[in-house]
Amino acid sequence: MAEKVDFSLVHFLIVDGNPLSADLARDLLLTMGATTVFVAHGYDEAIAALKSNVVDVLLTELHLPPRSGLDLIREVRSGKTGGNRQMPILVMSALSAKDHVFEARDAGVTEFIAKPYGVEGFYRRMVGIIAHPRAFVDSDKYFGPDRRRRQLPYDGPDRRQ
Amino acid sequence: MDLRLSPAVLRRLEEVVNESRERFVVDLAARLRKLRTSVQTVLDGDMTQEDMLALVFDESLQIKGMGGTVGYNVLSLIATTLNDFVTGRTELGRIQFEILQLHIDAMYVVIADRIIDNGGILEDQVLSGLRAAVRKFG
């Protein structure tokens, strides 16, 4: 029998300036079995929600004028929000050009969903980030999920003895 | 770990999306009105092109993101072309201004006729025309 994710145990925070978009994501999560879904419509509201609630998974839009979702991601990864620095962060954004994806990756996101999205993709990503947490890298220049996704054969010189 | 959706859960999730479709149409109508008003305000000389373009960027991004999610794929594609067209722009020439208006008009038609999914041949041709105009005058 296939293993299932129990979404009722996970506390979500959705950050999206578009109320309709935020409500849709919330309703999808509730239908998937989530019971605790916080919603914030801007950066400041999101920071307040992170500081006053236990949040296990953050879903954020990148376009959060006058701030950026990237600022929010960096705050979480730096530990300044007081929450879990390693929480899975899922970006859901219509700013889906390659540059935006790379910026989000380098800020420490776990997954990226380009809007518009389909419900199957949404479900798969949610299950994936909860059931398969990615290894974290903690270095001087980067703190976040391991950005390597592929194992490529290496045919250069071996510098390790 | 099974990442596949059961048909029952998929059906429930699609119902959630369908339920938000009518709300989206109401929201979209307000956004399109806002876009048309801003275009007219620029023509009346009461708004700078830069401010209007910032507004068009925001609104087209929202329409791009929500449209296809609730089934209005053509709308998302038009909004994507418009968003790409205005990205990084602070002013428009006469023809570029008309291209922007054509995008807004096209979105009005899509929503007035409730054209969901990918539309048909006509929608395909409209989209190709808008893309060609953007390529030529963008």
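Residue numbers (this note's numbering), protein chains in the order written: chain A, 330 to 490; chain B, 912 to 1049. Backbone N, C-alpha and C define an ideal beta-carbon position, used for all residues, glycine too. Quick caveat: nothing in here was measured; it's all calculated off a predicted structure.
- Query: Taking 8 Å as the CB-CB cut-off, is D356/A touching chain B?
  - Reply: Contact with chain B is found for D356/A, since one of that chain's Cβ atoms lies less than 8 Å from the residue's Cβ.
- Contact check, D435/A vs M416/A, beta carbons under 8 Å: In this structure, M416/A does not lie closer than 8 Å to D435/A by Cβ.
- A1043/B versus L1011/B: straight-line alpha-carbon distance, rounded: Taken atom to atom, the span from the alpha-carbon of A1043/B to that of L1011/B is near 13 Å.
- Query: By how many angstroms is the C-alpha of R947/B removed from the C-alpha of I1015/B?
  - Reply: Pairing I1015/B with R947/B, the inter-Cα distance amounts to about 7 Å.
- Message: Here's the rule I'm using: 16 or more other beta-carbon atoms within 10 Å means buried, otherwise exposed. How should F336/A be labelled?
- Response: Buried, because 16 or more other Cβ atoms sit within 10 Å of the Cβ of F336/A.
- Query: Under three-state DSSP, which class holds Q1001/B?
  - Reply: It should be pointed out that residue 1001/B corresponds to Thr in this sequence rather than to Gln. Correct three-state label for T1001/B: coil.
- Task: Return no unless some Cβ of chain B is closer than 8 Å to the Cβ of I343/A.
- Result: Not one chain B Cβ lies under 8 Å of I343/A.
- Item | V383/A, buried or exposed, once every other Cβ within 10 Å from all chains shown has been counted against 16 | Counting the other CB atoms within 10 Å of its CB gives V383/A a total below 16, which places it among the exposed residues.
- First and last residue of the uninterrupted beta strand (DSSP E) at P474/A: It spans 472-474 - the beta strand (DSSP E) in which P474/A sits, taken as one unbroken run.
- Check the C-beta distance from S381/A over to G398/A and give it rounded, since I have them as a contact under 8 Å. Approximately 20 Å separates the beta-carbon atoms of S381/A and G398/A; this is outside 8 Å, ruling out the contact.
- Item | Residue-level contact to chain B via CB, K444/A, 8 Å cutoff | At least one chain B Cβ lies under 8 Å of K444/A.
- Message: Alpha carbons only, please: which of D484/A, I376/A, I418/A, Q480/A is nearest the one belonging to V456/A?
- Response: Scanning D484/A, I376/A, I418/A, Q480/A for the CA closest to the CA of V456/A turns up I418/A.
- Query: What alpha helix (DSSP H) runs, 4 residues minimum, are completely inside the stretch 434-465 of chain A?
  - Reply: Unbroken alpha helix (DSSP H) runs of no fewer than 4 residues, entirely contained in the stretch 434-465 of chain A, are found at 448-460, following chain order.
- Message: Can you tell me where the alpha helix (DSSP H) holding T389/A begins and where it ends?
- Response: First-last for T389/A: 386-389, but that is the beta strand (DSSP E), not the alpha helix (DSSP H).
- In chain B, which residues lie with their C-beta within 7 Å of the C-beta of L379/A? Neighbours of L379/A on chain B: none; closest Cβ ~23 Å, over 7 Å.
- For chain B, is any of its Cβ atoms less than 8 Å away from the one on L401/A? Not closer than 8 Å to any Cβ of chain B, the Cβ of L401/A fails to qualify, so no.
- Do the CB positions of D345/A and H370/A come within less than 8 Å of each other? It is a contact, given that the beta carbons lie within the stated cut-off.
- Task: Identify which residue in A375/A, R463/A, E449/A has its Cα closest to the Cα of L921/B.
- Result: Nearest of A375/A, R463/A, E449/A to L921/B, Cα basis: E449/A.
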